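Report on one structure; see the data block that follows.
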Amino acid sequence: MSRMHINLFIQSRGHHEAAWRHPKSSALPLTDIRYTVELAQKAEAGLFDSIFLADVLGLWNDVESTPFNWLEPITALAAVAMATSRIGLIATCSTTYTEPYNLARQFASLDHISNGRVGWNIVTTWSPQAGANFGHIGQVGHADRYERAEEYMAVVKGLWDSWADDAVLDDRAGGRYADRTKVRTIDHKGPHYPVLGPLNMPRSPQGRPVFVQAGSSDTGKSFAARHAEAVFTAHLEKATAKAFYADLKALIEAEGRLPRHVLILPGFSPIIGSTDAEAERYAEGLNELSDPEVGRHRLSQRFGGYDFSKLALDQPLSVVDFPDPSKNEASRSRTEAVVALVAKERPTLRQLLAKLAGARGHFTIPGSPEKIADVMQDWLEDGAADGFNLMPPVLPHQLDLFISEVVPLLQKRGLFREAYQGETLRSHFGLSRPAVRFG
Numbered sequence: 471m472s473r474m475h476i477n478l479f480i481q482s483r484g485h486h487e488a489a490w491r492h493p494k495s496s497a498l499p500l501t502d503i504r505y506t507v508e509l510a511q512k513a514e515a516g517l518f519d520s521i522f523l524a525d526v527l528g529l530w531n532d533v534e535s536t537p538f539n540w541l542e543p544i545t546a547l548a549a550v551a552m553a554t555s556r557i558g559l560i561a562t563c564s565t566t567y568t569e570p571y572n573l574a575r576q577f578a579s580l581d582h583i584s585n586g587r588v589g590w591n592i593v594t595t596w597s598p599q600a601g602a603n604f605g606h607i608g609q610v611g612h613a614d615r616y617e618r619a620e621e622y623m624a625v626v627k628g629l630w631d632s633w634a635d636d637a638v639l640d641d642r643a644g645g646r647y648a649d650r651t652k653v654r655t656i657d658h659k660g661p662h663y664p665v666l667g668p669l670n671m672p673r674s675p676q677g678r679p680v681f682v683q684a685g686s687s688d689t690g691k692s693f694a695a696r697h698a699e700a701v702f703t704a705h706l707e708k709a710t711a712k713a714f715y716a717d718l719k720a721l722i723e724a725e726g727r728l729p730r731h732v733l734i735l736p737g738f739s740p741i742i743g744s745t746d747a748e749a750e751r752y753a754e755g756l757n758e759l760s761d762p763e764v765g766r767h768r769l770s771q772r773f774g775g776y777d778f779s780k781l782a783l784d785q786p787l788s789v790v791d792f793p794d795p796s797k798n799e800a801s802r803s804r805t806e807a808v809v810a811l812v813a814k815e816r817p818t819l820r821q822l823l824a825k826l827a828g829a830r831g832h833f834t835i836p837g838s839p840e841k842i843a844d845v846m847q848d849w850l851e852d853g854a855a856d857g858f859n860l861m862p863p864v865l866p867h868q869l870d871l872f873i874s875e876v877v878p879l880l881q882k883r884g885l886f887r888e889a890y891q892g893e894t895l896r897s898h899f900g901l902s903r904p905a906v907r908f909g
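So this is what it looks like as structure tokens:
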């Protein structure tokens, strides 16, 4: 039986949109680095593979009622690296709105700082705010974003491989710091990114960061099959997660890669109580703190600004109430999941918004520690996941419960590690270090 991988997704004061109002969420400002450090240290004590910080390249319009802003991920993880020693550190950074040379330098630096614990969550960025804030690029369509991303990957891989592992001699007596024959330009000439190289720092401990990706559209899955080493994915139920898992593993194999070298980690947001009934009451309390109009606005953003204002909150929805997800230039995979749920369950708008409030289209479930462990084991053993992108609804309270109550059950069942065996994120994920050849 394969071991389960667990990543902690740190966002706001928890993944439920009303978490910031909950009495058991942290009172620290989201810009206080102690908040992120303390959560990372808890996750490391719980033997998690990694932590993950998302990023948004603009201020959300509902800032009055929703705190959706925090420290820039690469900067924050540099600080977290100095306060931890084993846990992996994954930062989001956009291929559309970041120069590849800068990104390559920043992630190489962070890998050196952390002694080989860094991962890059590769995003192409769909938000209209980003397009407005980076006016020289503007808003880029779905297909164009991924076309740029393919060239981007060629550039950054070349930069990370522009130094041989043994290029640095540091020979004080002989007066040679580096072997220049083992440092090369990449001389990339493409339509979007003409880059000479080489990178201006030696190769990092992992060679390059672990590549993480989260797009689940057909284009996103093809990109993941070629490049990703871990995939974050969103599903509202096990059936779609299992279908996605089988589909992506087949695509990976078709690319000539070993399926076991790409971990699939669905988002998982458990609401834990001592009993199922207590967990249900906790969930109800969170939903009572939510504002459905905030949810309506966020749903509109997810569908590229579509106007949902005419829909009554308590009228059952149908597919015709939504625009065609295949024409959405924003987050196509997430909108497809929402429309599929509406077709299957016919919820009211209020019910749909409550479901999405928990974790924005990821799987949410209230229950006792035993129930949560049972569900995780079932997904792992039934081919729906290699592990989970854990999204606690309230931080740090629900994370504390997961570590103290659920992790021991997983360990007792032989599903989760009882000690770290390696020191890098690649070792936690069971990945080899990429080789680079010179000469």
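Quick note, my numbering runs 470 ahead of the 1-based positions in the sequence shown.
Glycine included, every Cβ here is placed at the ideal spot set by N, Cα and C.
As the structure is a prediction and not an experimental result, all values here were calculated from the model.
Separation of Ala-684 and Val-701 (C-alpha to C-alpha, rounded to the nearest whole angstrom) is 6 Å. Assigned with DSSP and collapsed to three states, Trp-540 falls in coil, not helix or strand. Ile-873 has its alpha-carbon roughly 24 Å from the corresponding atom of Trp-540.
Membership of Gly-857 in the beta strand (DSSP E) is indicated by the continuous run 857 to 860.
Pro-537 is not a Cβ neighbour of Trp-590, given a cutoff of 7 Å.
Pairwise C-beta distances place the segment 758 to 773 out of contact with the segment 849 to 865, as fewer than three of them are shorter than 8 Å. In this structure Val-626 touches Pro-570 by the C-beta definition: roughly 5 Å separates them, less than 8 Å.
Under DSSP, Asn-591 forms a beta bridge with Thr-562 and Val-682. When secondary structure is reduced to three states using DSSP, Leu-639 falls in the strand class.
Annotation for Ala-648: the continuous beta strand (DSSP E) segment containing it runs 646 to 648. By the Cβ neighbour-count rule, Ala-574 is buried, with 16 or more other Cβ atoms within 10 Å of its own. Taken atom to atom, the span from the alpha-carbon of Ile-480 to that of Leu-509 is near 8 Å. In this structure, Arg-504 and Phe-886 do not form a Cβ contact; the two beta carbons are roughly 27 Å apart against a cut-off of 8 Å. The shortest CA-to-CA distance from Leu-728 to any of Ala-698, His-705 and Gly-737 is the one to Ala-698. Taking the Cβ atoms as the reference, Leu-826 lies roughly 7 Å from Leu-769, within the contact range of under 8 Å. With respect to the 7 Å criterion, Thr-595 and Ser-564 are classified as neighbours on the basis of their beta carbons. Val-593 is not a Cβ neighbour of Phe-577, given a cutoff of 7 Å. Per DSSP, reduced to three states, the secondary structure at Trp-633 is strand. Nearest neighbour of Asp-746 by Cα position, chosen from Ala-843, Asn-572 and Arg-896, turns out to be Ala-843.
Between the alpha carbons of Gly-586 and Gly-837 lies a gap of roughly 36 Å. Contact between Ala-600 and Gly-528 holds: their C-beta atoms lie close to 5 Å from each other, under 8 Å. In the three-state scheme derived from DSSP, where H, G and I count as helix and E and B as strand, Val-876 is classed as helix.
For Val-906, the three-state secondary structure derived from DSSP is coil. In the DSSP assignment, Phe-702 forms a beta bridge with Leu-735. Proximity of the segment 633 to 642 to the segment 860 to 868 falls short of the contact definition, fewer than three beta-carbon pairs being nearer than 8 Å.
Here the alpha carbon of Arg-650 sits roughly 20 Å from the alpha carbon of Arg-678. Straight-line measurement puts the Cα of Gly-690 at about 20 Å from the Cα of Phe-738. Contact between the segment 775 to 783 and the segment 805 to 819 is present, with at least three C-beta pairs closer than 8 Å. Burial state of Arg-896 is buried, judged by a 10 Å Cβ sphere holding 16 or more other Cβ atoms. DSSP places Ile-476 inside the beta strand (DSSP E), whose first and last residues are 475 to 480. Counting the other Cβ atoms within 10 Å of the Cβ of Ser-482 gives 16 or more, which makes it buried.
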